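Colleague: Residue numbering for the sequence shown follows the numbering used here, beginning at 4 and increasing consecutively.
A virtual CB, placed ideally from N, CA and C, is assigned to each residue, including glycine.
Since this is a predicted model, take the numbers as computed values, not measurements.
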Amino acid sequence: MASSEEMGGSVPELDSLVRDTDFFRSLVENGSDAIVSIDKDSTILYANQAVERVFGYEPDELVGEQLTVIMPDRFHAQHFEAVDQYLDTGERQLDWNNIRLPAVHKEGHELTLSITFEEHTYEGKRIFSGIMRDISERVEKQRELERQNERLEQFASLVSHDLRDPLQAAKATTAVARAGDEEALEELEEIHDRMEALIEDVLSLAKQGQAVGETEPVSVASVSERAWSTAGVDSATLDLRGSLQTVSADSERLEALFANLFRNAIEHGSEEVTVEVGPLADAAGFYVADDGPGFDDADTEELFTYGYTTNEDGTGFGLSIVAEIAEAHGWEVRATDSTGGGARFEVET
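1. So, is residue 279 buried or exposed, given that buried needs 16 or more other C-beta atoms within 10 angstroms?
2. Is the stretch 177-186 touching the stretch 237-252, taking contact as three or more C-beta pairs under 8 Å?
3. Check each candidate in 255, 343, 216, 129 and name the one with the smallest Cα separation from residue 277.
4. Going straight from the alpha carbon of residue 260 to that of residue 105, what length do you get?
5. Taking only three categories from DSSP, how would you classify residue 150?
6. In chain order, what residues of the same chain have a beta carbon less than 6 Å from the beta carbon of residue 218, not counting five sequence neighbours either side?
7. I'd like the list of long-range same chain contacts for residue 274, defined as Cβ closer than 8 Å, with 5 residues on each side in sequence excluded.
8. Measure the C-alpha to C-alpha separation of residue 294 and residue 176 and round it to an integer number of angstroms.
9. Pull up the CB-CB distance for residue 257 and residue 226, whole angstroms please, since I reckon it's below 8 Å.
10. Is it right to say residue 36 is buried, meaning 16 or more other beta carbons lie within 10 angstroms of its own, or is it exposed?
11. Cα-Cα, which of 216, 347, 266, 39 is closest to residue 299?
12. Can the beta-carbon of residue 272 be found less than 8 Å from the beta-carbon of residue 345?
13. Just verifying my parser: in three-state terms, what is the DSSP assignment at residue 174?
14. Helix or strand or just coil, what does DSSP make of residue 218?
15. For a test of the three-state rule: what should DSSP assign to residue 338, helix, strand or coil?
16. When DSSP labels each residue in this structure, what does residue 233 get in the three-state scheme?
Set out below in structure tokens:
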């Protein structure tokens, strides 16, 4: 280990530096963490240069102000109550070491801080100082990781749910193909291609942590017909109404949206159900309506929640997938009654 002489100074010189007030003043002023000191009335007595980087204020702008100037309004009363209680009883309502608290930037947006509090006496006055580090970026990364993990779990369920019907169709078509039907073989190949595209799409979305990929102008009529070819049944009817326009969408995800709405109509209605797809009358978008029994006793506020179902054989994923795809496109989806008493889902784009 190098001696003090090898490091460029003697022990007495280091001792002198430690006693140098200017040295510590420079250390505090130029540190990376914001330091704010207040008196017992929460008036700011001191703020170092780092407060400008963290809060957007020049130090002189804060000195003389109440500490609440950098606190969200909802915490003002709680702060003063905590200070009064501590002054009266000496009991702390929270940990003083590396506590996570919100703060307000000069421009009005909130930050997340890691704060360590200290107390000392100066000229007979009780002084409280907070050493504050902005950890907003770290907190946001943690939240994003949590959101991605949740989305990965949802995608795992989505893969299972969205592949079930085309897989059943593939099995049925295979049986026909074994009887020597060449058209059935072609249809089987198309189903397998569609399943492969869905798997690749969902896995890609899971890796990206987003619900849609690239968007482009897509024909609502064409996509709904493709979705019907896998989600529909021979005895059910798809009725395209009005002039269906194009929308800017991820074609594969829009097809999954329609497929889930179609399956919902068949599962909750019957295999003879008629499903309409048409344009909204008073807004940009489209609707999917059926002539089934409607929502019965279902809670329409919960319809789009993961796991909610009124069908004992249902997974509760279908409509939540619809809501997620719509939201990812920036669309609004809502449930209402159709004119024939069945279910109607409106997607406003």
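Modeller: Working from what's here:
1. Here residue 279 refers to the residue found at position 276 of the sequence shown. With a threshold of 16 other beta carbon atoms within 10 Å, residue 279 meets it and is buried.
2. no
3. Here the question's residue 277 lines up with position 274 in the sequence shown. Comparing alpha-carbon positions, the option among 255, 343, 216, 129 lying closest to residue 277 turns out to be 343.
4. Translated into the one-based positions of the sequence shown, residue 260 becomes position 257. Translated into the one-based positions of the sequence shown, residue 105 becomes position 102. If I take the Cα positions, the gap works out to 39 Å.
5. Numbered from its first residue, the sequence shown carries residue 150 at position 147. In the structure shown, residue 150 sits in a helix (DSSP, three-state: H, G or I).
6. Reading the sequence shown from its first residue, position 215 is the one you call residue 218. Once the five neighbours on either side are set aside, the close Cβ partners of residue 218 are 251, 252, 253.
7. On the sequence shown, residue 274 is found 271 positions in, with the first residue counted as 1. The answer, listed in chain order, is 236, 238, 239.
8. Translated into positions along the sequence shown, residue 294 becomes position 291. Translated into positions along the sequence shown, residue 176 becomes position 173. Answer to the nearest angstrom: the Cα atoms are 28 Å apart.
9. Looking up residue 257 in the sequence shown gives position 254. Looking up residue 226 in the sequence shown gives position 223. Correct: roughly 5 Å between the Cβ atoms.
10. In the sequence shown, residue 36 corresponds to position 33, counting from 1. Buried is the call here.
11. Your numbering for residue 299 matches position 296 in the sequence shown. Looking at the Cα atoms, 347 is the closest of the given residues.
12. In the sequence shown, the residue the question calls residue 272 occupies position 269. In the sequence shown, the residue the question calls residue 345 occupies position 342. The answer is yes: Cβ separation under 8 Å.
13. Working through the sequence shown from its first residue, we reach residue 174 at position 171. Reduced to three states, the DSSP call for residue 174 is helix.
14. Position 215 of the sequence shown holds residue 218. The answer is coil: DSSP assigns residue 218 none of H, G, I, E or B.
15. Against the sequence shown, residue 338 aligns to sequence position 335. The three-state reading of DSSP puts residue 338 in strand, counting E and B together.
16. Taking the first residue of the sequence shown as position 1, residue 233 is located at position 230. Helix at residue 233.
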